[in-house]
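Written below as structure tokens is the structure these notes are about.
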């Protein structure tokens with residue numbers, strides 16, 4: 481069936497009003513089959529005409545970074561002001577993506593360097609990232625994994641998936657698995673069920689998380705069959721990515737409600753994007769809509785240093801400003817954690833306004849969101865417990881089989897009473913080289 485800019489908006493509106501005239505629209509496979517992948521189709525469906533020179537640059541962009549937009553997500557664009565529309569900016573190829581800065585990186589988070597087997601990134605001691613798909617329902621223009629998504633050469637094979645599962649099985653310190661990609665929910669139900677069954681059968685795996693933008697860009701994929709699969713393997717957590725209040729539609733709400741009603745905890749990981757959501761009022765409205773639909777704001781990400789994303793990046797100061805406008809100004813559980821995913825694989829680093837102003841032996845000086853400065857009295861007497869790492873005999877009674885914290889790393893290593901380390905020294909410095917000599 482063909483469709484144009486007029487009936488695209490009309491169909492989307494009627495579906496949200498529970499009109500069953502266009503049942504095909506609710507079919508997520510139809511949505512994928514009819515994804516918009518070229519500029520001429522984009523112009524026809526939106527009823528717009530781009531300048532020739534600009535169109536040529538957009539087409540050049542799509543040859544480097546492909547474009548794919550679901551009809552559902554396209555229908556959310558305000559065609560009367562598409563250039564400023566947050567949906568348009570996240571979905572439609574821009575010539576600005578061809579500007580690659582000197583500090584841009586193909587793999588900004590060094591996921592490949594921390595990959596012991598294909599598809600697995602093992603960065604933190606007790607959890608791994610497991611890339612089980614390289615297919616997305618839509619190619620987000622701000623994607624940090626532009627190097628992989630849609631690349632036919634990086635589609636995870638079944639033997640690679642099995643190898644990833646075996647790596648997890650053989651490393652008992654891994655208790656938390658994050659399934660990502662691509663988008664894991666683009667996998668067939670049976671295949672996803674097999675992966676979840678295998679992971680769920682591993683005794684030391686306590687939590688399985690799924691990172692998916694499906695509820696935002698293709699909510700019709702959240703079917704009763706899919707929800708039934710996910711609900712069989714609790715605890716399964718799902719983190720999605722709403723970046724603007726406009727994305728929280730009646731259709732996406734239905735998808736979120738289906739997941740929440742099945743007992744699946746929901747979180748949201750927004751990305752701070754220039755010209756899209758770099759506004760305290762927009763972010764506050766977004767987190768309010770999320771919590772009203774049982775989605776906990778989890779992270780607000782500083783935009784990564786991936787190739788072609790420089791036009792999306794804001795100064796870190798903008799993120800701190802947004803946090804100043806959330807903390808104390810709305811419910812605590814509605815405030816995400818603002819983080820920078822450190823280039824080079826350093827992991828997520830929280831960045832927050834400074835509320836601890838100063839301190840002495842007896843007092844700490846704090847300020848609140850209003851600017852009120854107060855002191856907190858430190859205890860006169862503190863019966864300090866010296867930790868020897870032996871949790872079984874501790875009078876705090878942490879008598880747990882898996883309470884071994886003797887392998888602490890980083891700052892926690894310096895703070896541990898039972899570890900003799902007094903400093904952390906970066907490797908490959910001139911001072912270390914001289915010592916080795």
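In this note's numbering, the protein residues as written are 481 to 917.
Cβ atoms here follow ideal geometry from the backbone N, Cα and C, with glycine treated the same way.
Since this is a predicted model, take the numbers as computed values, not measurements.
Same chain, Cβ closer than 7 Å to residue 511, five either side skipped, listed in chain order:
The residue given as residue 511 occupies position 31 in the chain shown. Correct list, in chain order: 550, 551, 552, 698 and 700.
At the level of alpha carbons, what is the spacing between residue 659 and residue 848?
Translated into positions along the chain shown, residue 659 becomes position 179. Translated into positions along the chain shown, residue 848 becomes position 368. Taking the straight line from one Cα to the other gives about 38 Å.
Contact between the stretch 764-776 and the stretch 731-750 (3+ Cβ pairs under 8 Å)
yes
Spell out a yes or no on whether the stretch 512-524 and the stretch 597-611 are touching, meaning 3 or more CB-CB pairs, one atom from each, closer than 8 Å.
no
What is the DSSP secondary structure of residue 830, counted as helix, strand or coil?
The residue you call residue 830 lines up with position 350 of the chain shown. If DSSP states are grouped into helix, strand and coil, residue 830 belongs with the strands.
Mind reading off the beta-carbon distance from residue 571 to residue 589? Whole number of angstroms is fine, and I expect it under 8 Å.
Counted from its first residue, the chain shown places residue 571 at position 91. Counted from its first residue, the chain shown places residue 589 at position 109. No, residue 571 and residue 589 are not in contact; Cβ-Cβ is about 23 Å, not under 8 Å.
Shortest alpha-carbon distance to residue 830 belongs to which of 507, 852, 800 and 624?
Counting from 1 along the chain shown, the entry for residue 830 is found at position 350. It is 800 whose Cα lies nearest to the Cα of residue 830.
Are three or more beta carbon pairs between the stretch 660-674 and the stretch 612-625 nearer than 8 Å?
yes
Residue 538 to residue 559, Cα distance in whole Å?
Counting from one through the chain shown, the residue named residue 538 turns up at place 58. Counting from one through the chain shown, the residue named residue 559 turns up at place 79. Approximately 18 Å between the Cα atoms of the pair.
Start-to-end residues for the alpha helix (DSSP H) that takes in residue 505
Position 25 of the chain shown, counted from the start, is the residue given in the question as residue 505. Note, residue 505: premise wrong, no alpha helix (DSSP H); not H, not E.
Please report the straight-line C-alpha distance between residue 901 and residue 604, rounded to a whole angstrom.
Locating residue 901 in the chain shown gives position 421, counting from the first residue. Locating residue 604 in the chain shown gives position 124, counting from the first residue. Each residue's Cα considered, the two are about 20 Å apart.
May I have a chain-ordered list of the beta strand (DSSP E) segments no shorter than 3 residues that lie completely inside the stretch 777-806?
none
Please identify the residue among 761, 714, 738 and 867 whose C-alpha is closest to the C-alpha of residue 686.
As a working note, residue 686 is residue 206 in the chain shown. Among 761, 714, 738 and 867, the Cα nearest to that of residue 686 is on 714.
Touching or not, the stretch 856-864 and the stretch 817-825, by the rule of three or more beta carbon pairs under 8 Å?
no
Whether residue 721 touches residue 751 by CB criterion (8 Å):
Residue 721 sits at position 241 when you count from the first residue of the chain shown. Residue 751 sits at position 271 when you count from the first residue of the chain shown. Yes; because the gap between Cβ atoms is below 8 Å, this pair is in contact.
Could you name the residues of the same chain whose beta carbon sits closer than 7 Å to that of residue 707, not counting the 5 residues immediately before and after it, in chain order?
One-based indexing of the chain shown puts residue 707 at position 227. Once the five neighbours on either side are set aside, the close Cβ partners of residue 707 are 738, 739 and 742.
Answer yes or no: do residue 736 and residue 763 have a C-beta to C-beta separation smaller than 8 Å?
What you label residue 736 is simply residue 256 of the chain shown in a count that begins at 1. What you label residue 763 is simply residue 283 of the chain shown in a count that begins at 1. No, they are not a contact pair.
Consider the C-beta atom of residue 539 and the heavy atoms of the ligand FAD; say whether any pair is separated by less than 7 Å.
Although the ligand FAD was asked about, the structure shown includes no ligands whatsoever.
Candidates 876, 872 and 853, of which the one nearest residue 863 by Cα:
Counting from 1 along the chain shown, the entry for residue 863 is found at position 383. Selected option, being the one with the closest Cα: 876.
Close-in-space but distant-in-sequence residues of the same chain around residue 671 (CB under 8 Å, 5 per side omitted):
Taking the first residue of the chain shown as position 1, residue 671 is located at position 191. Hits under 8 Å: none found.
Quick one: grab the DSSP three-state call for residue 514.
Your numbering for residue 514 matches position 34 in the chain shown. Coil at residue 514, not helix or strand.
Going by DSSP in three states, residue 843 sits in which element: helix, strand or coil?
For the purposes of this step, residue 843 is identified with residue 363 of the chain shown, where counting begins at 1. Residue 843: strand per DSSP, three-state reduction.
Would you mind reading off the limits of the beta strand (DSSP E) that contains residue 568?
Within the chain shown, residue 568 is the residue found at index 88, counting from 1. Segment 566-571 is the alpha helix (DSSP H) holding residue 568; no beta strand (DSSP E) there.
Kindly indicate which residue of 904, 637 and 564 has the alpha-carbon position closest to the one of residue 726.
Locating residue 726 in the chain shown gives position 246, where the first residue counts as 1. Minimum Cα distance to residue 726 is reached at 564.
Which residue wins for smallest C-alpha separation from residue 668, given the options 771, 710, 793 and 585?
The count along the chain shown starts at 1 and reaches residue 668 at position 188. Answer by Cα proximity: 710.
Sequence-distant residues of its chain with Cβ nearer than 6 Å to residue 654 (five each side left out):
Counting from 1 along the chain shown, the entry for residue 654 is found at position 174. The residues are 608 and 648.
Opening and closing residue of the alpha helix (DSSP H) in which residue 644 lies
Numbered from 1 along the chain shown, position 164 holds the residue referred to as residue 644. Per DSSP, residue 644 belongs to the alpha helix (DSSP H) from 638-649.
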